[in-house]
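Let me begin by presenting the structure, written as structure tokens, before commenting on it.
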Amino acid sequence: MKTFFSMILMTGAVFAFNPEGYWFTANNDAKVHITKRGDALFGTIVDLKEKCRDGKPKVDMETNQPTIGLEIVKNFKPDGENRWAEGTVRDPKEGKTYSGTIEMPNDNQLHLRGFVGIELFGRTSEWHRATKDAKIPGSESDTTCSK
Numbered sequence: 182m183k184t185f186f187s188m189i190l191m192t193g194a195v196f197a198f199n200p201e202g203y204w205f206t207a208n209n210d211a212k213v214h215i216t217k218r219g220d221a222l223f224g225t226i227v228d229l230k231e232k233c234r235d236g237k238p239k240v241d242m243e244t245n246q247p248t249i250g251l252e253i254v255k256n257f258k259p260d261g262e263n264r265w266a267e268g269t270v271r272d273p274k275e276g277k278t279y280s281g282t283i284e285m286p287n288d289n290q291l292h293l294r295g296f297v298g299i300e301l302f303g304r305t306s307e308w309h310r311a312t313k314d315a316k317i318p319g320s321e322s323d324t325t326c327s328k
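Laid out in structure tokens, this is it:
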């Protein structure tokens with residue numbers, strides 16, 4: 182019986198998914214690189230489907246910083262198996278920052294939930310794993326922004 186419970190505990194550890202790596206955001210608008218600093222997760226936009234607006238590189242609507250290179254996932258800490266919480270997520274289109282949680286139902290899906298105040302009233306975005314060299318489906322082939 183003791184061996185049976187030990188096996189169950191060991192199999193649970195096998196199902197811990199790793200969020201580090203590259204991810205396509207919902208609607209394939211961007212590719213984000215998620216890394217760990219200590220125990221916390223951080224994510225930076227490394228590519229955009231549409232890189233330009235009015236002939237210029239897209240920028241965060243509030244800070245006017247270039248969107249590519251912008252850290253939008255910050256300081257998510259482990260909160261149980263395959264879950265991270267107490268972090269913030271930035272929406273560069275709106276120029277707003279939200280509290281957030283991250284859950285991974287499997288190794289190739291990431292659910293990022295952003296909310297103000299209460300998690301119940303938030304919105305979840307489903308991201309899909311990518312590779313470093315993967316191009317965003319439907320992305321612009323021209324990487325320069327000029328008119």
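Note that our numbering has the sequence shown beginning at 182, numbered continuously upward.
All residues carry an ideal CB built from backbone N, CA and C; glycine is no exception.
Could you tell me if residue i is buried or exposed, where buried requires 16 or more neighbouring beta carbons within 10 angstroms of its beta carbon?
i, result
"G295", "buried"
"P273", "buried"
"E307", "exposed"
"D234", "Looking at the sequence itself, residue 234 is Arg, so the reference to Asp does not match. Classification for R234: exposed."
"P200", "buried"
"A311", "buried"
"V297", "exposed"
"G281", "buried"
Based on the DSSP output, what are the partners of residue i in its beta bridges?
i, result
"P247", "V240"
"E206", "According to the sequence as given, residue 206 is Thr; it is not Glu. None; T206 has no bridge partner."
Report back the beta-carbon spacing between residue i and residue j to the nearest angstrom; my notes put them in contact at under 8 Å.
i, j, result
"G250", "T225", "6 Å"
"K313", "Y203", "6 Å"
"H292", "I283", "7 Å"
Can you give the Cα-Cα distance for residue i and residue j, rounded to whole angstroms?
i, j, result
"K277", "Q246", "13 Å"
"T269", "F223", "9 Å"
"G261", "V254", "19 Å"
Should the region 237-250 be called in touch with the region 295-306, which here means at least 3 C-beta pairs below 8 Å? They do not touch, by the three-pair rule.
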